[in-house]
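J.:
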Amino acid sequence: MHIFDLDGTLIDSNGVWLQIDLDFLRERGCRHTMEYSNRMARLPYRDAAIYTKEYFQLPESPEEIMRAWAEMARTAYAQTIPLKPGVLKYLTLLQSRGERMAIATSCMDDLCAASLVHTGIRPFFSHVVTVREAGKDKRHPDIFLLAAERGGEAPEDCTVYEDSPAGVLGAKAAGMRVVGVFDPFFAPFEEEMKRTCDRYIHSFLELP
Numbered sequence: 311m312h313i314f315d316l317d318g319t320l321i322d323s324n325g326v327w328l329q330i331d332l333d334f335l336r337e338r339g340c341r342h343t344m345e346y347s348n349r350m351a352r353l354p355y356r357d358a359a360i361y362t363k364e365y366f367q368l369p370e371s372p373e374e375i376m377r378a379w380a381e382m383a384r385t386a387y388a389q390t391i392p393l394k395p396g397v398l399k400y401l402t403l404l405q406s407r408g409e410r411m412a413i414a415t416s417c418m419d420d421l422c423a424a425s426l427v428h429t430g431i432r433p434f435f436s437h438v439v440t441v442r443e444a445g446k447d448k449r450h451p452d453i454f455l456l457a458a459e460r461g462g463e464a465p466e467d468c469t470v471y472e473d474s475p476a477g478v479l480g481a482k483a484a485g486m487r488v489v490g491v492f493d494p495f496f497a498p499f500e501e502e503m504k505r506t507c508d509r510y511i512h513s514f515l516e517l518p
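To convert, count from 1 in the sequence shown and add 310; that's our numbering.
Here you go:
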């Protein structure tokens with residue numbers, strides 16, 4: 311089974327989240343820093359909100375920050391965020407070979423659903439698993455093991471496609487093969503990804 315991350319792997323969305331960060335902070339008179347950006351790249355959603363509140367000493371609660379981010383993201387996921395180059399061709403090839411596919415994502419349920427409809431790729435996947443369902447973020451193997459279990463596959467028979475260092479570590483902990491996918495948001499961690507992944511690609515156009 312092939313298990314795909316969504317944000318930054320199948321869809322070109324991580325830049326959108328950076329823009330949301332910039333707009334969110336600009337509205338509050340805060341200045342985006344590289345220290346902040348590098349730390350945010352490794353954090354799951356709620357932890358990122360907690361860190362943002364503490365880093366900039368914001369009056370909003372983490373829940374209010376998350377709601378603000380989500381509202382800004384809804385339009386983008388439903389209307390504008392595209393697939394990354396080569397994704398549709400690669401999914402079509404896997405489908406023609408009878409390969410089974412699933413999604414394991416940290417994306418919020420409504421944003422994920424909106425994106426899959428907008429891009430037209432939902433029919434390729436037998437199921438979608440989120441960190442909310444798994445109960446732990448992608449630093450842990452739970453979401454990948456749940457995706458394999460729902461597909462009736464052994465972990466060692468699964469290949470995971472991930473753009474984030476945290477997701478790669480979780481998938482490796484699950485005992486799965488991992489293909490790292492380059493995304494500019496995680497460019498500072500590219501060498502780390504190359505060392506950790508079984509294969510590393512800059513585009514799905516590189517795959518047969």
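Ideal Cβ positions, reconstructed from N, Cα and C, are used throughout, including at glycine.
1. Would you mind listing the beta strand (DSSP E) stretches within the segment 427-475 that are 3+ residues and don't spill past its ends, in chain order?
2. Tell me whether R349 sits in a helix, a strand or coil according to DSSP, three-state version.
3. Might you give, ordered along the chain, the residues of its own chain that have their beta carbon closer than 6 Å to the beta carbon of A458, omitting 5 neighbours on each side?
4. DSSP three-state label for R509, please.
5. Is it true that the segment 419-439 meets the segment 326-336, where meeting means three or more beta-carbon pairs spaced less than 8 Å apart?
6. Could you check whether K448 and S425 sit closer than 8 Å to each other, using their CB atoms as the reference points?
7. Between M411, G445, G462, which has its C-alpha nearest V438's C-alpha?
8. Using 8 Å as the cut-off, can you tell me whether the segment 315-328 makes contact with the segment 484-499, which would need three or more C-beta pairs spanning the two stretches below that distance?
9. To the nearest angstrom, report how far apart L479 and L393 are at their CA atoms.
10. Since I believe A414 is in contact with I375 (beta carbons under 8 Å), could you give me their beta-carbon distance rounded to a whole number of angstroms?
11. Identify which residue in M486, E364, G477, A359 has its Cα closest to the Cα of I330.
12. Below 8 Å on the Cβ atoms is my contact criterion, and I expect R352 with A476 to pass it. Report the Cβ-Cβ distance as a whole number of Å.
13. Tell me the DSSP secondary structure of T385 in three-state form.
14. Under 8 Å by Cβ, that's how I've got P395 and F495 pegged, so tell me the actual separation to the nearest angstrom.
15. Which residues share a DSSP beta bridge with F314?
16. Mind reading off the beta-carbon distance from A483 to P451? Whole number of angstroms is fine, and I expect it under 8 Å.
T.: Once the coordinates are examined:
1. Those beta strand (DSSP E) runs which fall completely within the segment 427-475 and span 3+ residues are 437-440, 469-472.
2. For R349, the three-state secondary structure derived from DSSP is helix.
3. Excluding residues within five positions, the ones whose Cβ falls inside 6 Å are P465, C468.
4. The three-state reading of DSSP puts R509 in strand, counting E and B together.
5. Two segments are said to touch when three or more pairs of C-beta atoms, one from each, lie closer than 8 Å; by this definition the segment 419-439 does not touch the segment 326-336.
6. In this structure, the beta-carbon distance from S425 to K448 does not fall below 8 Å.
7. When each option's Cα is compared against that of V438, the closest is M411.
8. Two segments are said to touch when three or more pairs of C-beta atoms, one from each, lie closer than 8 Å; by this definition the segment 315-328 touches the segment 484-499.
9. Between the alpha carbons of L479 and L393 lies a gap of roughly 24 Å.
10. Rounded, the Cβ-Cβ distance is 25 Å, inconsistent with contact.
11. Selection M486, E364, G477, A359 evaluated against I330 yields A359 as nearest (Cα-Cα).
12. About 6 Å separates the beta carbons of R352 and A476, which is inside the 8 Å limit, making them a contact pair.
13. The DSSP-derived three-state label of T385 is helix.
14. Not really, about 16 Å apart at Cβ, beyond 8 Å.
15. Bridge pairing for F314: I413, Y471 [DSSP].
16. About 4 Å separates the Cβ atoms of A483 and P451, confirming a contact at the 8 Å cut-off.
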